[in-house]
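Oh and the first sequence: position 170 is 164 in the numbering used here, straight run, nothing missing. We put the beta carbon where it would ideally sit given N, CA and C, even for glycine. Everything on this sheet refers to the single structure shown next.
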Amino acid sequence: MAVLQPVRGTYDLLPEAMRAHRHVVDTAAGVTLCYGFEEVATPVFEFTEVFSRTLGDTSDVVTKEMYSFETQGGDHITLRPENTAGVARAFITNGLAQHAPVKCFYAGPMFRYEKPQKGRQRQFHQIGVELIGAAQPQADVEVIAAGVAVLKSLGIYEETTLELNTLGDPASRTAYRDALVAYFSAHKDKLSEDSLMRLEKNPLRILDSKDPSDRELVKDAPVFGDFLNEESKAFFKAVKDGLDSLGIAYELNPRLVRGLDYYNHTCFEFTTQALGAQGTVMAGGRYDGLIEQMGGQPTPGVGWAAGIERLAMLANDTPEAVRPMVIIPLGDAAEIRALTLAEEIRAEGYRVEMAYGGNMKKRMKHANKIDAGIAIIMGDDELAKGVAMVKDLDSGEQEEVPLEQLVGGITAWELAEMYGEDGLPSDPQD
RNA sequence: GUGGCUAUAGCUCAGUUGGUUAGAGCGCUGGUUUGUGGCACCAGAGGCCGUGGGUUCAAGUCCCAUUAGCCACCCCA
């Protein structure tokens, strides 16, 4: 609007939005830790090859969505468009193979040069988990279960649908891909413009086309099931059985594909109707070929990523801001004592604001404006008596409390009055 | 990258067929005298009408471009 705009597709996280993000991240970190995923952080930029060599030369992410630049030293750098490649790189460079299986959780900004929409920014944020070094289908189940637990903790699981598919092992996938190319190539005249492109880049995507003419063709297209070899079928069955035994509902979606090349076997998405065209809330799958493709030893892996913005838009149980208590000193001696009193109460883990400036009324209004729950009014005469007037700003009740009790005893008094029975912050130090 | 819609105060929006000093609500600041807030009342500040061109005696209003947002496609989290 004004001359000073944020860069297209970026935005500021002001306290209210930041709290929603924090809630998503903290919830996910806590839940996934129960599954053994420990938080890690990798750089927000990597050498460009980390992404270009792994994501696939034909993927949209590589061909048109990367923020890449050359440094003064001549290095080719790219802001990470996703974090699986970065984690995989860290796995290799830190020699984590000896600790396999490695389970990690991450949260942070990702960058994609896309046309912004609601729920789609150029700098956005993702949480995700990766389980590297476990080839068993039980690992897929565990990863998906962790995702379910996160969604449940955020109170949005009921709004999502788990869509599940298998991409098979590379042999199955290649065979199917070839069959699809053969089939659609024979009907090029009926394919949409987009799908002609897809035929070159990612034929599997044609199956998911929204074009009516494409859809007609898709009806008679080869079915992936016919090309899955026994191992791939058994693997997929084991994943489904695991989910069944956990009572995790899913819908098989044979058209569910991945834009990134390193996926194989299991792929899944949690989708919702509540976010318009940006319906994917959490997505992931197995990527057994990735580490090897990057130059490491052959190492299987499985994981998912979820957009924090999208999760935050769905979650409506974001905690309220912690209400402060406000100290209102009146008089020179009280002003001085208030400084130390504030420090003492803060040291106990409470949010304390000072109301300086203005007369009593001004300061009370200030207390009100910052949504304080408690006002500690301390004039020179109270100070002389060694007390302070403690006022509950919701009920209007107030009473004199000896200063020494105030510091040591504020906890119970303040919490009870300030938050009532519910809405109690679990730990005010957080 | 393609197509459509939108752009007026911090926020949500009015601004008639182009016509004087561009409005409201909320919010913000100050006040309604003494050390007690919320409510009410009074007053005030705050707008290159997204930006740049053009048409016209005259443009917030019409035209073009540009930027940004929104929506759909593509793709994705």
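When 378, 345, 310 are compared, the shortest CA-CA separation from residue 368 is found for 345. Cβ-Cβ distances below 7 Å link residue 114 to 108, 272 in the same chain, with the five nearest sequence neighbours on each side left out; the list follows chain order.
One Cα belongs to residue 175, the other to residue 166, and the distance between them is close to 14 Å.
Secondary structure in the stretch 264 to 339: the alpha helix (DSSP H) runs of 4 residues or longer, each lying completely within the stretch, are 284 to 287, 302 to 308 in chain order. The DSSP assignment places 154 to 160 as complete runs of the beta strand (DSSP E) inside the stretch 132 to 160, in order along the chain (cut-off: 3 residues). Per DSSP, residue 206 is one residue of the alpha helix (DSSP H) stretching across 206 to 213.
Measuring C-alpha to C-alpha distances from residue 136 to each of 62, 83, 221, 235 identifies 235 as the nearest. One thing to note: residue 72 has its Cβ no nearer than 7 Å to the Cβ of residue 31. Exposed is the label assigned to residue 111, since fewer than 16 other Cβ atoms lie within 10 Å of its Cβ. Exposure of residue -2 is indicated by the presence of fewer than 16 other C-beta atoms within 10 angstroms of its C-beta. Around the C-beta of residue 14, 16 or more other C-beta atoms lie within 10 Å, and the residue is accordingly described as buried. Taken in chain order, the unbroken stretches of alpha helix (DSSP H) that lie wholly in the stretch 222 to 262 and span 4 residues or more are 224 to 240. In the three-state reduction of the DSSP assignment, residue 61 falls in the strand class. Around the beta carbon of residue 315, fewer than 16 other beta carbons lie within 10 angstroms, which makes this residue exposed.
By the Cβ-count criterion, residue 376 is buried, with 16 or more other Cβ atoms from all chains shown falling within 10 Å of its own Cβ. Contact holds between the stretch 252 to 267 and the stretch 149 to 162, because three or more Cβ pairs, one in each stretch, are under 8 Å apart.
Less than 7 Å divides the Cβ of residue 275 from the Cβ of residue 154. Judged by pairs of C-beta atoms under 8 Å, the stretch 89 to 109 touches the stretch 53 to 71, as three or more such pairs exist.
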